[in-house]
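Asker: Pasting a structure here, questions to come.
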Amino acid sequence: MSEFWTILIGLGPKFAAHIVLAASAIGLGILVALPLAVWASRSAPVARIALGFASLVQTIPALALLALFFPILLSLRAVFGEGLPTLGFLPALLALALYALLPILRNAVTAQANLDPGVLEAADGVGMTGWQKLRLVEAPLSAPFVMAGIRTASVWTIGAATLSTTIGQPSLGDPIFAGLQTQNWVLVLAGCVASAGLALIVDGLLGLIERGLAKRSKTQWAAGLIAVALGLIGALTFQFGGKDQDRIVIAAKQFSEQYILAQLIGSRLEKAGYAVEYRDGLGSAVVHNALTSSSIDISIDYTGTIWTNQLERSDNPGREAMYQEIKAWEEREHGVRVLGRLGFENAYGFALREDRAAELGLETLEDLVAVAPRLTIGGDPEFFERPEWISVRNAYGMRFAEQRNFSPTFMYNALTSGEADVISAYTSDGRIAADRLTVLSDPLEALPSYDAMVLIAPARADDEALAAALQPLVGAISVGAMREANFAVDRDDDKLSPADAAAQLARAIGLD
Amino acid sequence: MPKRDRAKKLPRQTRVKPIAKAPKTDLQASPNGPENARALLVFNSVRRQYGAVTAVSDVSCSIAQGSFVALVGASGSGKSTLLKMVNTLETPSSGQVVFAGDDVNQQQPAQLRRRIGYVFQSIGLFPHMLVGENIAIGPRLAGQALSAARISELLELVELEPPMAARMPDALSGGQRQRVGVARALAIEPELLLMDEPFGALDPITRASLGDKVRELHDRLSLTTIMVTHDMAEALLLADRVLVMDAGEIVADATPHQLLAGEGGDIAQQLVSVPRQQAEKLAAMER
Chain A
1 MSEFWTILIG LGPKFAAHIV LAASAIGLGI LVALPLAVWA SRSAPVARIA
51 LGFASLVQTI PALALLALFF PILLSLRAVF GEGLPTLGFL PALLALALYA
101 LLPILRNAVT AQANLDPGVL EAADGVGMTG WQKLRLVEAP LSAPFVMAGI
151 RTASVWTIGA ATLSTTIGQP SLGDPIFAGL QTQNWVLVLA GCVASAGLAL
201 IVDGLLGLIE RGLAKRSKTQ WAAGLIAVAL GLIGALTFQF GGKDQDRIVI
251 AAKQFSEQYI LAQLIGSRLE KAGYAVEYRD GLGSAVVHNA LTSSSIDISI
301 DYTGTIWTNQ LERSDNPGRE AMYQEIKAWE EREHGVRVLG RLGFENAYGF
351 ALREDRAAEL GLETLEDLVA VAPRLTIGGD PEFFERPEWI SVRNAYGMRF
401 AEQRNFSPTF MYNALTSGEA DVISAYTSDG RIAADRLTVL SDPLEALPSY
451 DAMVLIAPAR ADDEALAAAL QPLVGAISVG AMREANFAVD RDDDKLSPAD
501 AAAQLARAIG LD
Chain B
1 MPKRDRAKKL PRQTRVKPIA KAPKTDLQAS PNGPENARAL LVFNSVRRQY
51 GAVTAVSDVS CSIAQGSFVA LVGASGSGKS TLLKMVNTLE TPSSGQVVFA
101 GDDVNQQQPA QLRRRIGYVF QSIGLFPHML VGENIAIGPR LAGQALSAAR
151 ISELLELVEL EPPMAARMPD ALSGGQRQRV GVARALAIEP ELLLMDEPFG
201 ALDPITRASL GDKVRELHDR LSLTTIMVTH DMAEALLLAD RVLVMDAGEI
251 VADATPHQLL AGEGGDIAQQ LVSVPRQQAE KLAAMER
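Taken in order, these protein sequences are the chains called A and B. Just so you know, we're using this note's numbering here: the first sequence kicks off at 1 and counts up by one. Just so you know, we're using this note's numbering here: the second sequence kicks off at 1 and counts up by one.
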């Protein structure tokens, strides 16, 4: 339990960032929703369109809405110039503000529609101008309902803000995503407790303001307002009070290997005197874009991934040729510096238990072809649709008795329990060593290579000191060393944190 | 500022006292013909149409300064619409409403309405303001603060206790609320008082006493009052001129006396016959 408290206290900066993001989004939501609600109360078509739009936005999953702002902002660069950020705070703010719109707008419109018509007639009758009517009658009478809407929006926004981790905005989602990937439940719990606690506190304070407005008790709503303001000022000073350093931002996708390598790179850079910041848990699709736009400085990517997703190629020129072509393409197209390959692959590979492999006399995929019609293959849900499988099937003429889909975690269990004979493993996965599995070699090179490589953003491409600090990593990490580090984080008992696993990996490859 | 306030108040108070002592002459008052009083309000061929429905069709008439006019008619006869065209809560489709020499639709609505008191059936007290604040709202809109003494005075005018100024409207009975509504309308020292079914939601006892009170205030403060009602008895008892409306037109324009004497035409007489028959039946039961 003490580990939990240590983690929770260590979340301070994420907590402050989370508050600043959520408060800005709610503030922007209010700024847009209230004038819109006033306009809607005076025009039925505006009310229909505004509420329809806000409801439509609600139907988009928050995760997708956040991700959608990347291409939107990217295309807006044509208007606002290259300086427009496409990841991090801005898209998170816009997506969350859109999300906050509906409850505020709906409550404000409903409150206006339900105002006593007699009171409104009296407001006109005593000679109020439109503005006086809004200020003296409509606003104070709607205020408790508007506040209830702001309260709902706040609780939603604080929850949804955890998802902004995936687009590179630090938040309380960082420990949640990192914990989910490394199955570190204490980390997940700490993130959830912090985020839920924040939501409850804010809900309580806004509830106080709401009741104060309803009972027309100035002390009550003023007290709530002051408490909210103090919390905000605290978060702002915490976030911006420290000296502004030029930090190297290292990205990690949502799996253990990426967290470990990011930590490994980070610790080397810190030793070289750099200030370092981690963007953990980025969506795989946004990492490359974030790098080319210099929103992040360093990423670790895989040749096969770039080959398929960025170069949009489906041929397989072989491991070395593929790497050289990618390196040239990245430098030519984006100014991204490909520092080098780390030395291991995280590819798809066909794995089976060591004893089964020995019993069947299997070493290569060619050996497998003969026995495959008697065996069951297990793959992750997308595997049998991927070019890797189609390529192997066609190159070797591979036919299995049965194909089964498993989630990645259960795939390995299926192999040990005998529900599958062969699985589509990931070659750097720690469980290959731990479960005593054999990965069959691929003499026809039907499987594309997935060499891990270090990429440096255009903005840092000329930093030779940076490149020099990372150069020792190139070619230094064997697949065995990587498997061991991954397993240290993924195993159920005696787990290591990614940082500890990175330190262990550094010692293992002689870099400490 | 206080100096101007006093200067404004003094003539009104000196004016109030002798009239208050004077005997009531209301029901005997003759209709103020255009020859002996200036017309404060003139309707010139006023028409209000909602699509195919004509609410008010081609009404022309003038209201003399100081008169108490009742607009009587069945529901949907157009009497409320006609009244609301005075303070521009409704706009004529054609024709003109001239108030104190100016077309009402050529003026800033807010400015115009601050000169005209308005009392209506649903009262419309602002629920988030104290009774005192409700009464002071008209002057406040024009940028003047109403003194506590003046608020007390207005409350006393409508027979409410001054401490009531510190209450919220929801702590008041229906009759008390409408009294506050009347005080709010009087706070601006209106040139014209418009009342739209002002006592419609009140119980009969409250209704009768508040009706008498309004008539008394009309006389004391030398107001010009137009009251919309569907109750002919109320109109006959309070007004000195009764306009009967039917299907958007004025079908009778007479004094209560003339109406009781059988003038004004069929529709007016139908309306008069209701309270008359009730009175006769009650008188017969007493015998």
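Even for Gly, the Cβ is constructed at its ideal location relative to N, Cα and C. Remember, it's a predicted structure, so these values are computed and weren't measured experimentally.
Which value, in whole angstroms, describes the spacing of the CA atoms of alanine 160 of chain A and aspartate 246 of chain A?
Answerer: Roughly 29 Å between the two C-alpha positions.
Asker: For chain A, check one thing: does any of its Cβ atoms lie closer than 7 Å to the Cβ of serine 122 of chain B?
Answerer: Yes - at least one Cβ of chain A is within 7 Å of the one on serine 122 of chain B.
Asker: Which runs of the alpha helix (DSSP H) at least 4 residues long sit entirely within the stretch 84 to 168 of chain B? Give them in chain order.
Answerer: Counting whole runs of 4 or more residues, the stretch 84 to 168 of chain B contains the alpha helix (DSSP H) stretches 109 to 113, 131 to 141, 148 to 157.
Asker: Which residue's Cα is closest to the Cα of leucine 261 of chain A: A/Val439, A/Trp5, A/Ala503?
Answerer: Leucine 261 of chain A has its Cα closest to that of A/Ala503, out of A/Val439, A/Trp5, A/Ala503.
Asker: Determine the contact status of serine 154 of chain A and leucine 101 of chain A, defining contact as a CB-CB distance below 7 Å.
Answerer: Result no, Cβ atoms of serine 154 of chain A and leucine 101 of chain A do not sit closer than 7 Å.
Asker: Got a sec? Which residues, its chain only, sit under 7 Å from alanine 143 of chain A by beta carbon, not counting five neighbours each side?
Answerer: Around alanine 143 of chain A: Leu213.
Asker: What does asparagine 87 of chain B reach in chain A if we use C-beta pairs closer than 7 Å?
Answerer: In chain order: Gly125.
Asker: Could you compute how far the alpha carbon of glutamate 484 of chain A sits from the alpha carbon of glycine 168 of chain A?
Answerer: Straight-line Cα distance between these residues: approximately 28 Å.
Asker: Against chain B, which members of the stretch 106 to 123 of chain A pass a CB distance test of less than 7 Å?
Answerer: For the stretch 106 to 123 of chain A, which is checked against every Cβ of chain B, the residues closer than 7 Å are Gly118, Val119, Glu121, Ala122.
Asker: With leucine 84 of chain A and leucine 76 of chain A assumed to form a contact (beta carbons below 8 Å), what rounded beta-carbon distance in angstroms separates them?
Answerer: The Cβ separation is near 6 Å, so the contact holds.
Asker: Starting from the beta carbon of glutamate 137 of chain A, find every residue of chain B whose beta carbon is closer than 7 Å, and list them in chain order.
Answerer: The sequence given here has valine at residue 137 of chain A, not glutamate. Per Cβ cutoff of 7 Å: Phe126.
Asker: In the DSSP assignment, what residue or residues form a beta bridge with glutamate 277 of chain A?
Answerer: According to DSSP, which records beta bridges pairwise, glutamate 277 of chain A is partnered with A/Val249.
Asker: Short check: CB of phenylalanine 533 of chain A to CB of valine 454 of chain A, under 7 Å?
Answerer: Absent from the structure is residue 533 of chain A, since the part of chain A shown begins at 1 and ends at 512.
Asker: Within 10 angstroms of its Cβ, does serine 77 of chain B collect 16 or more other Cβ (buried), or is it exposed?
Answerer: So serine 77 of chain B counts as buried.
Asker: Quick one: residues in its chain with C-beta nearer than 8 Å to the C-beta of glutamate 121 of chain A, no 5 flanking neighbours on either side, listed in chain order?
Answerer: If we look at glutamate 121 of chain A and ignore the five residues flanking it on each side, it has no Cβ neighbours.
Asker: Along chain B, which residues have their Cβ under 9 Å away from the Cβ of proline 140 of chain A?
Answerer: Going along chain B in sequence order, the residues near proline 140 of chain A (Cβ under 9 Å) are Phe126, His128, Met129.
Asker: Please confirm whether tyrosine 118 of chain B has its beta-carbon closer than 7 Å to some beta-carbon of chain A.
Answerer: Closer than 7 Å to some Cβ of chain A, the Cβ of tyrosine 118 of chain B qualifies, so yes.
Asker: For valine 186 of chain A, which of A/Ile509, A/Ile7, A/Arg356 has the nearest alpha-carbon?
Answerer: The candidate whose alpha carbon is nearest that of valine 186 of chain A is A/Ile7.
Asker: From the beta carbon of isoleucine 226 of chain B, is the nearest beta carbon of chain D less than 7 Å away?
Answerer: Any reference to chain D falls outside this structure, whose protein chains are A and B.
Asker: Threonine 229 of chain B lies in the alpha helix (DSSP H); which residues open and close that run?
Answerer: It is not in any alpha helix (DSSP H) - threonine 229 of chain B instead sits in the beta strand (DSSP E) that spans 225 to 229.
Asker: Quick check on asparagine 405 of chain A: does DSSP put it in helix, strand or coil?
Answerer: Strand at asparagine 405 of chain A.
Asker: Return helix, strand or coil for phenylalanine 43 of chain B, following the three-state DSSP convention.
Answerer: Strand, per DSSP.
Asker: Against chain A, with Cβ distances strictly below 7 Å, would glycine 174 of chain B count as a contact?
Answerer: By this cut-off, glycine 174 of chain B is not an interface position.
Asker: Taking only beta-carbon positions, decide if leucine 141 of chain B is within less than 7 Å of chain A.
Answerer: Chain A contact via Cβ: present.
Asker: From the DSSP output, which residues share a beta bridge with valine 244 of chain B?
Answerer: Paired residues: B/Val72, B/Ala252.
Asker: Apart from the five residues just before and just after leucine 160 of chain B, which ones in its own chain have a Cβ nearer than 6 Å to its Cβ?
Answerer: Cβ neighbours of leucine 160 of chain B beyond the five flanking positions: Arg179.
Asker: So is the beta-carbon of proline 169 of chain B under 6 Å away from any non-hydrogen atom of the ligand NAP?
Answerer: What this structure holds is no ligand at all, so the ligand NAP is not there to describe.
Asker: Once you ignore the five residues that flank alanine 45 of chain B on each side, which residues in its own chain have a CB closer than 8 Å to its CB?
Answerer: Sequence inspection shows serine at residue 45 of chain B; the alanine mentioned does not correspond to that position. Around serine 45 of chain B: Asp58, Val59, Ser60, Ser94, Gly95, Gln96.
Asker: Quick check on the burial criterion: 16 or more other C-beta atoms within 10 angstroms. Buried or exposed for proline 103 of chain A?
Answerer: Proline 103 of chain A comes out buried.
Asker: So with CB distances below 9 Å, who are the chain A contacts of glycine 138 of chain B?
Answerer: Per Cβ cutoff of 9 Å: Val126, Gly127.
Asker: DSSP three-state label for glutamine 220 of chain A, please.
Answerer: Residue state, collapsed to three classes: helix.
Asker: Phenylalanine 69 of chain A lies in the alpha helix (DSSP H); which residues open and close that run?
Answerer: From DSSP, the alpha helix (DSSP H) with phenylalanine 69 of chain A extends over 62 to 80.
Asker: Taking leucine 71 of chain B and lysine 79 of chain B to be in contact with their CB atoms under 8 Å, please state how far apart those CB atoms are, rounded to whole angstroms.
Answerer: Rounded, the Cβ-Cβ distance is 4 Å, consistent with contact.
Asker: What span of residues does the alpha helix (DSSP H) with aspartate 124 of chain A cover, start to end?
Answerer: Aspartate 124 of chain A -> alpha helix (DSSP H) spans 117 to 125.
Asker: Skipping 5 residues on each side, what residues in its chain have a beta carbon closer than 6 Å to that of glutamate 191 of chain B?
Answerer: Around glutamate 191 of chain B: Arg115.
Asker: Got a sec, what are the start and stop residues for the alpha helix (DSSP H) tyrosine 99 of chain A sits in?
Answerer: Residues 89 to 113.
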